[in-house]
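Residue numbers (the numbering used here), protein chains in the order written: chain A, 8 to 285; chain B, 139 to 330.
C-beta: ideal position from N, C-alpha, C; glycine also.
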Amino acid sequence: MMDSIDFDKKEFKDLLDSIHFIYGYDFTDYSEASLRRRVEHFMISRKIDDLTFLGRTLAKDERFFAEFVLEMSVTVTTMFRDPAFYKSIRDHVVQRLATYPFIKIWVAGCATGQEVYSLAILLEEEGLLSRSIIYATDINQKSLQIAKEGVYSIDNLKEYTLNYQKAGGAKSFSEYYKAKYNHVMFDKSLKQNIVFSPHNLAVDQSFNEFQLIICRNVLIYFKQSLQNKVFDLFYESLCPFGFLGLGNKESLLFSDKKKHFDEIDKKEKIFMKKKHIS
Amino acid sequence: MNKNWKYGAVVIGVSAGGLNAVSFILKKLPVDYKFPIIIIQHRNTEQRDLLEVILQEKSKMKLKQADEKEKIKGGIVYIAPPDYHLLIENDHTFSLSSDVRVKFSRPSIDVLFESASYVYKEKLVGIILTGANSDGSDGTIRISKNGGVTVAQNPDEAEFPFMPQAAISTGYVKHVFSLAEIQKYLLKINQE
Numbered sequence: 008m009m010d011s012i013d014f015d016k017k018e019f020k021d022l023l024d025s026i027h028f029i030y031g032y033d034f035t036d037y038s039e040a041s042l043r044r045r046v047e048h049f050m051i052s053r054k055i056d057d058l059t060f061l062g063r064t065l066a067k068d069e070r071f072f073a074e075f076v077l078e079m080s081v082t083v084t085t086m087f088r089d090p091a092f093y094k095s096i097r098d099h100v101v102q103r104l105a106t107y108p109f110i111k112i113w114v115a116g117c118a119t120g121q122e123v124y125s126l127a128i129l130l131e132e133e134g135l136l137s138r139s140i141i142y143a144t145d146i147n148q149k150s151l152q153i154a155k156e157g158v159y160s161i162d163n164l165k166e167y168t169l170n171y172q173k174a175g176g177a178k179s180f181s182e183y184y185k186a187k188y189n190h191v192m193f194d195k196s197l198k199q200n201i202v203f204s205p206h207n208l209a210v211d212q213s214f215n216e217f218q219l220i221i222c223r224n225v226l227i228y229f230k231q232s233l234q235n236k237v238f239d240l241f242y243e244s245l246c247p248f249g250f251l252g253l254g255n256k257e258s259l260l261f262s263d264k265k266k267h268f269d270e271i272d273k274k275e276k277i278f279m280k281k282k283h284i285s
Numbered sequence: 139m140n141k142n143w144k145y146g147a148v149v150i151g152v153s154a155g156g157l158n159a160v161s162f163i164l165k166k167l168p169v170d171y172k173f174p175i176i177i178i179q180h181r182n183t184e185q186r187d188l189l190e191v192i193l194q195e196k197s198k199m200k201l202k203q204a205d206e207k208e209k210i211k212g213g214i215v216y217i218a219p220p221d222y223h224l225l226i227e228n229d230h231t232f233s234l235s236s237d238v239r240v241k242f243s244r245p246s247i248d249v250l251f252e253s254a255s256y257v258y259k260e261k262l263v264g265i266i267l268t269g270a271n272s273d274g275s276d277g278t279i280r281i282s283k284n285g286g287v288t289v290a291q292n293p294d295e296a297e298f299p300f301m302p303q304a305a306i307s308t309g310y311v312k313h314v315f316s317l318a319e320i321q322k323y324l325l326k327i328n329q330e
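Right under this line is the structure:
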């Protein structure tokens, strides 16, 4: 692709429309620039240099399409990503969660699960994990499988440990995993209260009521219209005074739902659903 | 963006040694500079907005970290946030991505340049300054192929010559300029 010119705008739109029509996956409301980049990347790796040809192949080959979908979602993540966010959850959210007899949490767009385990560790340390249930969802089945296994490359362990400490972790991080060969496996007890399940924010509905929803670095890939739709979904899925945690550069600022939330931590993007709408 | 203007935006990629180079270029640009200036500076992820504070002191133009969905306006210097790729959408708004690093970099110059080139085509000026890796060279090729203007800092005067040299080596750089010449060039296109 690097040697040819850019995608034709209409051909790209036709590709997304036909994918939506044939498979029900709706990418038309995704931010186009990074989606285009991922499509380009997919084409280079499969040695395809023509959008129309890509569209035709996707349409007739379901397995090829499955590979394509996996590569359309960004799965980059880490344990205690943005440690200050988790520190703020500890400082501002945990106490309120503790007032519920049973705590329901949704981690939407959990990718390979590192942030889910981070949350489980945090809840464990605050004495809340045993009465919590975390629903961890993602559109990408392959990522979900990795998340379920909870086995990660040892290469990132140093970063994980450092982030854990910065996030206010007081124990030795090594208590939470077993290292074997080149991998670390997180303790099974952390998994007991996590339910991993596929969910597509672009098309699927609410499935429960939660006291906390965490959705970080997912909305940046959506256009405003789809962001608004997802904020509506989160609003419906939160109990009164329920919390919403977003990514570092994500905000309710441009959304229709802005006035229905209070800002709990402006910098770390933690919001609370208001009880009544004035 | 005014349709009659020759250019729509200036994108700058800079890595090691960037603070001095960027300050030098910005300090002469007037507060009402016509075009938006969008900068990728490879940076530490810990300091979330220190760079903006430092650079604002050197710049007459308003300077800010680029926000997701923000409308791009002339007269403003935008800096990519740490640890996110910065991209430009067809409607001249920013979008962000935390996708894998490109050439060990996030934000990556290539990612910005390629998406900016898609939108602005021949109305884009892309500048590569001092740096110690080859990020930006693929983006430079793309800008040039789409008819935009490509500039690299003269490696002889760059604090770290590797990055501008890598861009020049692609054969797609139109002007090799000193910092003073880049400054002059940016003032000149503001008058056109």
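Inset, instruction - Return the CA-CA distance between Asp10/A and Trp113/A, expressed in angstroms with no decimal places. - result: Start at 1 with the first residue of the first sequence, and residue 10/A comes out as number 3. Start at 1 with the first residue of the first sequence, and residue 113/A comes out as number 106. At Asp10/A the pLDDT is 44, less than 50, meaning the model places this residue with poor confidence; the figure from the coordinates comes in the next sentence. Going by C-alpha positions, Asp10/A is about 43 angstroms away from Trp113/A.
Inset, instruction - Note down, one range per segment and in chain order, each alpha helix (DSSP H) of at least 4 residues found wholly within the region 39 to 108 of chain A. - result: As far as the region 39 to 108 of chain A is concerned, its whole alpha helix (DSSP H) runs of at least 4 residues are 39 to 52, 58 to 67, 69 to 79, 90 to 95, 101 to 104.
Legend entry - Residues that DSSP places opposite Thr144/A in a beta bridge: Position 137 of the first sequence holds residue 144/A. BP columns for Thr144/A point to Ala115/A, Ser204/A.
Legend entry - Nearest-angstrom Cα separation, counted from Val46/A out to Lys94/A: In the first sequence, residue 94/A corresponds to position 87, counting from 1. In the first sequence, residue 46/A corresponds to position 39, counting from 1. Straight-line measurement puts the Cα of Val46/A at about 36 angstroms from the Cα of Lys94/A.
Legend entry - Cα-Cα separation, Ala154/A to Lys67/A: Taking the first residue of the first sequence as 1, we reach residue 154/A at position 147. Taking the first residue of the first sequence as 1, we reach residue 67/A at position 60. Each residue's alpha carbon lies about 30 angstroms from the other.
Legend entry - Start-to-end residues for the alpha helix (DSSP H) that takes in Val191/B: Translated into the one-based positions of the second sequence, residue 191/B becomes position 53. That run of the alpha helix (DSSP H) goes 188 to 196.
Inset, instruction - Give a yes or no on whether 8 angstroms exceeds the smallest Cβ distance from Glu206/B to chain A. - result: Within the second sequence, the letter at position 68 stands for residue 206/B. When Cβ-Cβ separations below 8 angstroms define contact, Glu206/B makes contact with chain A.
Inset, instruction - Within the same chain, show all residues whose beta-carbon is closer than 6 angstroms to that of Gly62/A, passing over the 5 residues directly before and after it, in chain order. - result: On the first sequence, residue 62/A is found 55 positions in, with the first residue counted as 1. Within the same chain, Leu22, Ser25 come within 6 angstroms of Gly62/A by CB-CB distance, once the 5 residues on both sides are set aside.
Inset, instruction - Spatial neighbours of Lys312/B within its chain, please: CB distance less than 8 angstroms, with the 5 preceding and 5 following residues excluded, ordered by chain position. - result: Counted from its first residue, the second sequence places residue 312/B at position 174. By the criterion of a C-beta distance shorter than 8 angstroms, Lys312/B is surrounded in its chain by Ser282, Val287, Thr288, Val289, once the five residues flanking it on both sides are discounted.
Inset, instruction - Tell me whether the beta-carbon of Ile51/A lies closer than 8 angstroms to the beta-carbon of Gly252/A. - result: To locate residue 51/A, count along the first sequence from 1; it is residue 44. To locate residue 252/A, count along the first sequence from 1; it is residue 245. Not in contact: Ile51/A and Gly252/A (Cβ atoms no closer than 8 angstroms).
Inset, instruction - Would you identify the three-state DSSP class for Thr168/A, choosing helix, strand or coil? - result: Sequence index remark: in the first sequence, residue 168/A carries index 161 (1-based). Helix, per DSSP.
Legend entry - Candidates Gly134/A, Phe92/A, Glu122/A: closest to Leu104/A by CA position: Looking up residue 104/A in the first sequence gives position 97. With distances taken between Cα atoms, Leu104/A lies closest to Gly134/A.
Inset, instruction - Closer than 7 angstroms by beta-carbon distance: list the chain B residues that pair up with Ser38/A, in chain order. - result: By one-based count along the first sequence, residue 38/A stands at place 31. The contacting residues are Glu227, Ser233.
Inset, instruction - Please confirm whether Leu320/B and Ile265/B have their CB atoms less than 8 angstroms apart. - result: Residue 320/B sits at position 182 when you count from the first residue of the second sequence. Residue 265/B sits at position 127 when you count from the first residue of the second sequence. Strictly speaking, residue 320/B in this sequence is Ile, with Leu absent from that position. A contact, by the Cβ cut-off of 8 angstroms.
Legend entry - C-alpha distance - Tyr184/A paired with Glu166/A, whole-angstrom precision: Numbered from its first residue, the first sequence carries residue 184/A at position 177. Numbered from its first residue, the first sequence carries residue 166/A at position 159. In a straight line, the C-alpha of Tyr184/A is about 14 angstroms away from that of Glu166/A.
Inset, instruction - Count the other CB atoms, across all protein chains shown, that sit within 10 Å of the CB of Leu136/A; report buried if there are 16 or more and exposed otherwise. - result: Counted from its first residue, the first sequence places residue 136/A at position 129. Looking at its Cβ environment, which holds 16 or more other Cβ atoms inside 10 Å, Leu136/A is buried.
Inset, instruction - Check Met192/A in the structure and name its three-state DSSP category. - result: Residue numbering aside, residue 192/A sits at position 185 when the first sequence is read from its first letter. Met192/A falls in the strand class under three-state DSSP.
Inset, instruction - Determine the DSSP secondary structure at Ile210/B, reduced to helix, strand or coil. - result: Counted from its first residue, the second sequence places residue 210/B at position 72. Note: Ile210/B maps to coil in three-state DSSP.
Inset, instruction - Could you have a look at Tyr124/A and say whether DSSP puts it in helix, strand or coil? - result: By 1-based counting over the first sequence, the position of residue 124/A is 117. In the three-state DSSP reduction, Tyr124/A falls in the helix class (H, G or I).
Inset, instruction - Please confirm whether Lys149/A and Leu42/A have their CB atoms less than 8 angstroms apart. - result: The count along the first sequence starts at 1 and reaches residue 149/A at position 142. The count along the first sequence starts at 1 and reaches residue 42/A at position 35. The Cβ atoms of Lys149/A and Leu42/A do not sit closer than 8 angstroms to each other.
Inset, instruction - Please name the residue or residues paired with Lys149/A in a DSSP beta bridge. - result: Residue 149/A sits at position 142 when you count from the first residue of the first sequence. Partner(s): none; Lys149/A has no beta bridge.
Legend entry - Backbone CA spacing between Leu259/A and Ile150/B [nearest angstrom]: Counting from one through the first sequence, the residue named residue 259/A turns up at place 252. Counting from one through the second sequence, the residue named residue 150/B turns up at place 12. Leu259/A and Ile150/B: Cα-Cα distance of roughly 30 angstroms.
Legend entry - Enclosing alpha helix (DSSP H) for His27/A [first to last residue]: Translated into the one-based positions of the first sequence, residue 27/A becomes position 20. First-last of the alpha helix (DSSP H) with His27/A: 16 to 30.
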